[in-house]
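For the sequence shown, the working numbering begins at 6 and goes up steadily by one.
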Amino acid sequence: MKSPSAIFNMTIACSAGLVTLLGYFIPPLAGIRDVLLQWAVILAGFALLVGIINLLSAHFRKLSKAKKGGFYSLVLILSFVGSLIVFGVSGPDGSWSLLLFNSVQVSVESTLLALLTVVLAYAAIRLFHKEVTRATVLFMLTFLIVLVSSAPLFGLSNTPLLSELREWLSSVPIVAGARGILIGVALGVLAAGLRILMGVDRPYGR
């Protein structure tokens, strides 16, 4: 049987979530919704601070005990301290902050996106070798159209037909699929949260 404190916590959490959701549909609850969202932002900020402290302490312990992978811990700590100093002195819109962001963050993101393109192409080739279906043909055609119309290959990116087709693919089926995935993720998170609040799942318990 669940303890009274667990039932109380579950009731508070479910009530806050329900009021926040209804605040988007019922105008009188909009004020309460905004207050609850502000509280959530404050709690998220404290949770982020606790997470940063926990991350740094874990890597400090790894460095002090000379465990395997200590070099990566040192890189993480130095990167965090350096970024904190640069953004603290220069500000989020300062020249040094923008230089650090464009030199590191943007470069890493561009590299990962390029790697993702190669992985998608390899996955498409493996799909064709394994089984040829309508889904694989559609995936390959979409991939090739978006790739050819985006990359400067043989001047095809300036073709009006390919540009219009790419815009349509990006704004209609791709956006619809992304929204469907986001809705599925949101429903999955909601179901998992309710199971944890009701005590059905205990991922952090014994």
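Where a beta carbon is used, it is the ideal one built from N, C-alpha and C, also for glycine.
- With fewer than three CB-CB distances shorter than 8 Å, the stretch 9-29 does not count as touching the stretch 178-192.
- Here M15 carries a helix assignment [DSSP, helix/strand/coil].
- Rounded to the nearest whole angstrom, the CA to CA distance from P9 to L192 is 27 Å.
- Within the stretch 47-129, the alpha helix (DSSP H) runs of at least 4 residues that lie entirely inside it are, in chain order, 75-95 and 100-105.
- Rounded to the nearest angstrom, the gap between the Cα atoms of T122 and A49 is 34 Å.
- Nearest in C-alpha terms to V151, of all of I130, H134, L132 and A126, is A126.
- In this structure, DSSP gives T164 a state outside helix and strand, which the three-state scheme calls coil.
- Burial state of S154 is buried, judged by a 10 Å Cβ sphere holding 16 or more other Cβ atoms.
- Under the three-state reduction of DSSP, A156 is assigned to coil, being neither helix nor strand.
- If you draw a straight line from the Cα of S20 to the Cα of L34, it is about 13 Å long.
- Exclusion of the five residues before and after L202 leaves M15, A18 and C19 as the residues of its chain whose Cβ lies within less than 7 Å of its Cβ.
- For L187, the uninterrupted alpha helix (DSSP H) segment begins and ends at P178 to L202.
- Of the candidates A119, E169 and F85, F85 places its Cα closest to the Cα of L105.
- Between the beta-carbon of K67 and that of S78 there is about 5 Å, and that keeps the pair under the 8 Å contact cut.
- The beta carbon of L27 sits closer than 7 Å to those of L34, all from its chain and outside the five residues before and after it, given in chain order.
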